[in-house]
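Note that my numbering has the sequence shown beginning at 121, numbered continuously upward.
Down below is the structure, laid out as structure tokens.
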Amino acid sequence: MIIVYTDAHAQHNPPEEIYDGTREPYAEAAQRAENIISALRDSNIGEIIEPENYDLQHILRIHQPEYVDFIRNRSAGLGKDEILFPSYFMSDTYAPIVHGTYPAAVRAVDAALSGAEKVAAGEPTVYALCRPPGHHAEHNKMGGYCYFNNAAIAADYLSEQGKVAILDIDFHHGNGTQQAFYERSDVLYVSLHADPAVKYPYSTGFAREQGAHDGVGYTKNYPLPLGTNDDQYVTQLTVALADIAQFDPAYLIVSCGFDTYVDDPICGFGITVPGYRVIAEQIHALGLSTLIVQEGGYNIEHLGEMATSFLGGFIGT
Ligand code: Q9C
Ligand code: ZN
């Protein structure tokens, strides 16, 4: 397995988010990625490479030019200790801009695109340790710790070579990814997530959202109740994987959040460390060329174990 990682993410370091009017410590902390990469280094699960640099055109296929300019200009204009909150381009109060946000977000996209390029060249499984995450980022809105939609940009890139399925197993619905492909039939979006009636992003991810125009039937949402455990999760995953098998894609992208963990501080499912391995084995059994893109996961202490268990399910160690 190839692992794509850069420490450029660390310059995106907001100290806080706003929750219901109160400033709280930022859950999407740099330490998340640092713990994952150090666990993967120790476990020798794959070769770790730096991402290449890619042209901005790839981002502009998914995001509005004014939106990209906004993040670049506002990031550059902020001092080292400044933080920017509400604006037209923000869905919520969970994706502030700091000085290093733009360069970090661009390198997260580069990691996903490098992974996609490797998969297109025949690599069976690549893990892109993207930070900041991406699946909540819409055409011209940041939100939910996301700025550029890493998985959607990689999916669009791979869709030039063949059909792409995206399996989103983050705890939250990937509203941005769904939006990017809602009217397309060449990219299937399938998501398992917490019932949006009770959890972020609240307004999307209901089972009735199934695509529009050419995309009708190519978006599949499987909301699950809070407390969903390993067995219940795998039962629903089996249905999602059957959707993907039927679609018969050339490539699979897994939007992989570890915020389904039993002890996640802000979420509410019951997936265990061994459970991640079972989930990965089921996905691997599809036999597809697979790019895994990191999304959420906030139990910083245990993220390394989750990642090692999950990725181990793809290589049988
Ligand atoms: N202070 C991802 O997992 N809700 N984003 C925060 C707690 C926002 C999650 C409320 C959750 C966004 C990529
Ligand atoms: Zn999430």
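Note that the Cβ used here is the ideal one computed from N, Cα and C, for glycine as well.
Self-check item: Of the residues V354, P171, M121, E136, the one placed nearest N164, counting alpha carbons only
Solution: Nearest in C-alpha terms to N164, of all of V354, P171, M121, E136, is M121.
Quiz item: Distance, Cα to Cα, P145 vs C250?
Solution: The alpha-carbon of P145 is positioned some 21 Å away from that of C250.
Exercise. Could you name the residues of the same chain whose beta carbon sits closer than 8 Å to that of A147, not counting the 5 residues immediately before and after it, in chain order?
Key: Correct list, in chain order: E137, Y265, P385, I386, Y418.
Quiz item: Can you tell me whether T245 is buried or exposed, with buried defined as 16 or more other CB within 10 angstroms of its CB?
Solution: Taking a 10 Å sphere around the C-beta of T245, we find 16 or more other C-beta atoms and assign the residue as buried.
Practice problem: Give every residue of the same chain whose Cβ lies closer than 7 Å to the Cβ of D230, excluding the five residues on either side of it in the sequence, and list them in chain order. | Solution: P171, E172, N173, Y174, listed in sequence order.
Quiz item: Looking at G377 and the ligand ZN, is the gap between the Cβ and the nearest heavy atom below 6 Å?
Solution: Relative to the ligand ZN, the beta carbon of G377 is positioned inside 6 Å of a heavy atom.
Quiz item: According to the neighbour-count rule (16 or more other Cβ atoms, all chains shown, within 10 Å of its Cβ), is P316 buried or exposed?
Solution: P316 is buried by the Cβ-count criterion.
Quiz item: DSSP state of Q414, grouped into three classes?
Solution: Q414: strand per DSSP, three-state reduction.
Exercise. Between the Cα of G424 and those of A153, A149, T142, spot the shortest distance and give me the residue it belongs to.
Key: Considering only A153, A149, T142, the residue with the shortest C-alpha distance to G424 is A153.
Quiz item: Looking at the structure shown, is Y222 part of a helix, part of a strand, or coil, going by DSSP?
Solution: Here DSSP, grouped into helix, strand and coil, assigns Y222 to helix.
Quiz item: Sorry if obvious, but does the Cβ on D288 come closer than 6 Å to a heavy atom of the ligand ZN?
Solution: No.
Quiz item: What are the boundary residues of the alpha helix (DSSP H) that I156 is part of?
Solution: Element bounds for I156: 150-163.
Quiz item: How about P369 and V284: do their beta carbons lie closer than 7 Å?
Solution: Yes, they are a contact pair.
Practice problem: Give a yes or no on whether the C-beta atoms belonging to E415 and G377 are separated by under 7 Å. | Solution: Cβ distance < 7 Å, so E415 and G377 count as in contact.
Quiz item: In terms of DSSP beta bridges, what is N341 paired with?
Solution: According to DSSP, N341 bridges with S311.
Quiz item: So H313 packs on L344, CB below 8 Å; how close in whole Å?
Solution: Contact holds; Cβ gap of about 7 Å.
Quiz item: Would the beta-carbon of S195 fall within 7 Å of that of D288?
Solution: Between S195 and D288, the C-beta gap is not smaller than 7 Å, which leaves the two residues out of contact.
Quiz item: Leaving out five residues before and five after D383 in sequence, what residues of the same chain have Cβ atoms less than 6 Å from its Cβ?
Solution: N419.
Self-check item: Contacts around G432, its chain only, beta-carbon distance under 8 Å, and the 5 residues preceding and following it disregarded
Solution: If we look at G432 and ignore the five residues flanking it on each side, its Cβ neighbours are S163, I165, R397, A400.
Exercise. Could you check what DSSP says for D288 in three-state terms: helix, strand or coil?
Key: D288: strand per DSSP, three-state reduction.
Self-check item: Continuous alpha helix (DSSP H) assignments of at least 4 residues falling wholly in the segment 229-305
Solution: Runs found: 270-278, 295-301.
Quiz item: Residues bridged to V374 by DSSP?
Solution: Bridge partners of V374: L287, I412.
Self-check item: Status (buried if at least 16 other CB within 10 Å, exposed otherwise) for G254
Solution: Buried is the call here.
Quiz item: Can you give the beta carbon distance from A271 to T297, rounded, assuming they're within the 8 Å contact cut?
Solution: Cβ atoms of A271 and T297 come within 8 Å of each other, at about 6 Å.
Quiz item: Secondary structure at G433, three-state DSSP: helix, strand or coil?
Solution: In this structure, DSSP gives G433 a helical state, which the three-state scheme calls helix.
Quiz item: Ordered along the chain, which non-local residues of its own chain (more than five positions away) have a Cβ less than 7 Å from that of T392?
Solution: Beyond the five residues adjoining it in sequence on each side, T392 comes within less than 7 Å, by CB distance, of D350, V382 in the same chain, given in chain order.
Quiz item: Between Y302 and G337, which are expected to be in contact by the criterion C-beta below 8 Å, what is the C-beta distance as a whole number of angstroms?
Solution: No, Y302 and G337 are not in contact; Cβ-Cβ is about 11 Å, not under 8 Å.
Practice problem: Confirm, please, whether the CB-CB distance from D379 to V310 is below 7 Å. | Solution: Contact flag unset, no.
Quiz prompt | DSSP three-state assignment for T348, whether helix, strand or coil | solution = T348: coil per DSSP, three-state reduction.
Quiz item: Hey, how far is the Cα of V354 from the Cα of E202?
Solution: Cα atoms of V354 and E202: separation of roughly 43 Å, rounded to the nearest angstrom.
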